[in-house]
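Data first, discussion second: the structure below is written as structure tokens.
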Amino acid sequence: MVVFAGQSSAQAPARKNRRKEKKKAPSTSHAAEMAVDSALKSETRRIAIPPHRMTPLKKEWINVFGPLTEILGLQVRMNVQRKCVEARTSKATKDIGALQKGADFVKAFALGFDVNDAIALLRLDDLYLDSFEIKDVKTLHGDHLSRAIGRIAGQDGKTKFTIENASRTRIVLADTKIHIMGSFQNIKVARDAIVSLILGSPPGKVYAGLRTVSSRMRQRAL
1 MVVFAGQSSA QAPARKNRRK EKKKAPSTSH AAEMAVDSAL KSETRRIAIP PHRMTPLKKE
61 WINVFGPLTE ILGLQVRMNV QRKCVEARTS KATKDIGALQ KGADFVKAFA LGFDVNDAIA
121 LLRLDDLYLD SFEIKDVKTL HGDHLSRAIG RIAGQDGKTK FTIENASRTR IVLADTKIHI
181 MGSFQNIKVA RDAIVSLILG SPPGKVYAGL RTVSSRMRQR AL
């Protein structure tokens with residue numbers, strides 16, 4: 001061991017050890033990357049697909065599979081026997097929330113949303129899914145229930161489209177279940193309109209309310 005002038009033999013190894021300690025200490029960014037990697041390693045998700053949506057899933061599989069692998073970097077496969085889509089993280093997965101986004105995207109398709117609408121869940125962070133049943137609002141049976149569903153849809157789907165355009169949401173009517181996709185505020189606007197129709201409000205009155213709310217939303221956006 002060489003000892004420089006003014007340095008004792010005891011000081012030399014101590015400084016050498018300190019240099020080693022500095023090298024061993026990982027940087028904050030590296031530590032964060034390691035934490036993300038460890039979190040992504042074993043994450044897997046299985047999303048159930050209703051039997052009546054399996055055929056549409058097979059037809060649209062390329063359009064469902066593509067965004068999950070290209071945008072989120074997930075590994076995905078369709079399990080026909082279990083009627084589900086299985087997704088897991090891989091080395092290409094960068095976002096720690098990618099698996100949840102992917103699950104929401106597949107769930108939206110399973111509920112009946114168009115792939116082109118559901119893909120917005122992968123690109124935007126403030127979109128959500130909300131589901132409820134007509135019986136949650138009012139207990140209806142027979143013809144009364146059918147008329148309530150008809151009021152929500154409207155002739156040739158006109159009422160549903162009007163609510164979607166005014167509230168900037170997407171709506172799926174699945175028998176007595178209603179699914180809405182949009183931002184938290186917009187979902188509330190659409191839901192309030194649908195609830196009014198279920199309770200028996202005339203479509204004209206609901207349209208007027210939607211126009212008022214829609215104009216307020218546009219003013220806030222300016």
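According to UniProt numbering, the sequence shown is numbered sequentially starting from 1.
Ideal Cβ placement from N, Cα and C applies to all residues, glycine included.
Taking a contact as a CB-CB distance under 8 Å, the pair Ile180 and Ala166 does not count as one, their CB atoms being some 13 Å apart. Between the alpha carbons of Ser201 and Thr139 lies a distance of about 16 Å.
For the pair Ala48 and Gly112, the CB atoms are not nearer than the 8 Å cut-off. Excluding five sequence positions before and after Phe105, the CB atoms of its chain that fall closer than 6 Å to its own CB belong to Ala118, Leu121, Leu122, given in chain order. The beta carbon of Glu164 lies closer than 8 Å to those of Arg170, Ile171, Ala190 in the same chain, with the five residues before and after it left out.
Judged by DSSP in its simplified three-state form, Ala193 adopts helix. In the three-state reduction of the DSSP assignment, Gly154 falls in the coil class. Checking the DSSP bridge columns, you'll see Asp130 partnered with Ile180.
Here Gly204 is exposed: its Cβ has fewer than 16 other Cβ atoms, across all protein chains shown, within 10 Å. DSSP places Ile62 inside the alpha helix (DSSP H), whose first and last residues are 61–70.
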